[in-house]
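Comments concern the structure below.
Numbering (UniProt numbering), first residue to last: 1 to 208.
Put into structure tokens, the structure is as follows:
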């Protein structure tokens with residue numbers, strides 16, 4: 001493909017992308033989750049599609065912490081939430097390192113155009129294979145849940161997420177963990193989800 005042909009193709013593709021941009025924003029208005037362990041944005045896209053499928057609770061993880069109805073003190077440090085997979089999947093589960101989840105910087109919607117014009121040596125993350133866990137904490141008054149995608153069996157809640165949970169002090173928060181097995185980012189088992197979410201709360205501060 002000549003430079004002139006490439007530029008013409010990119011111009012047409014850009015127009016199509018911009019024309020369909022509104023619908024795309026509506027679909028992903030909540031943005032990406034935090035990432036933990038070996039989780040990647042490609043694995044997240046697979047889980048987004050998996051969330052639309054019928055879920056099975058028979059192989060769902062068991063939530064260890066928080067316990068049902070647990071109340072954390074208003075001044076409590078960010079806790080570590082953990083879960084246990086069913087026996088059949090424990091041999092393949094990634095070991096928990098209790099690391100803080102982190103955001104992954106996403107390229108802008110037109111970043112791929114620059115890559116076509118000036119290809120770089122930047123490599124994509126390797127496809128993920130293994131059990132993956134999408135943690136969702138629903139906070140009253142907040143449109144989007146707090147989400148963490150991780151290959152580990154726990155989430156050490158970060159300060160910002162803990163602060164967000166504190167905005168609903170005294171109210172019930174709910175937590176669920178959707179799990180699945182991916183083979184090179186492709187869904188092969190699951191998705192699995194608890195029959196009912198786990199309810200917990202942060203106590204309201206007594207300080208005036």
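Note that beta-carbon positions come from the ideal geometry of N, C-alpha and C, so glycine has one too.
Note that the structure is predicted; figures quoted are calculated from it, not measured.
- By the CB criterion at 7 Å, residue 199 and residue 174 fall inside the cutoff.
- Taking 7 Å as the cut-off, the Cβ atoms of residue 168 and residue 140 count as close.
- For the pair residue 80 and residue 154, the CB atoms are nearer than the 7 Å cut-off.
- Taking C-alpha positions only, residue 163 is separated from residue 42 by approximately 28 Å.
- For the segment 16–81, the continuous alpha helix (DSSP H) assignments of 4+ residues that do not extend past its boundaries occur at 21–27, 41–50, in sequence order.
- Taking the Cα of residue 63 as reference, the smallest distance to any Cα among 184, 196, 40 is reached at 196.
- If one requires a minimum length of 3 residues, the beta strand (DSSP E) runs lying completely within the segment 124–205 are 130–138, 146–150, 154–156, 173–183, 186–192, 198–202, in chain order.
- Take residue 135, set aside five residues on each side of it, and the residues of its chain with a beta-carbon closer than 6 Å to its own are 148, 155, 177, in chain order.
- In this structure, the straight-line span from the alpha carbon of residue 205 to that of residue 125 is close to 43 Å.
- Only residues of its own chain outside the window of five on either side were considered, and among them 203 have a CB closer than 6 Å to the CB of residue 73, listed in chain order.
- Close CB contacts of residue 129 within its chain, under the 7 Å cut and outside five residues either way in sequence, are with 182, 183, 184 (chain order).
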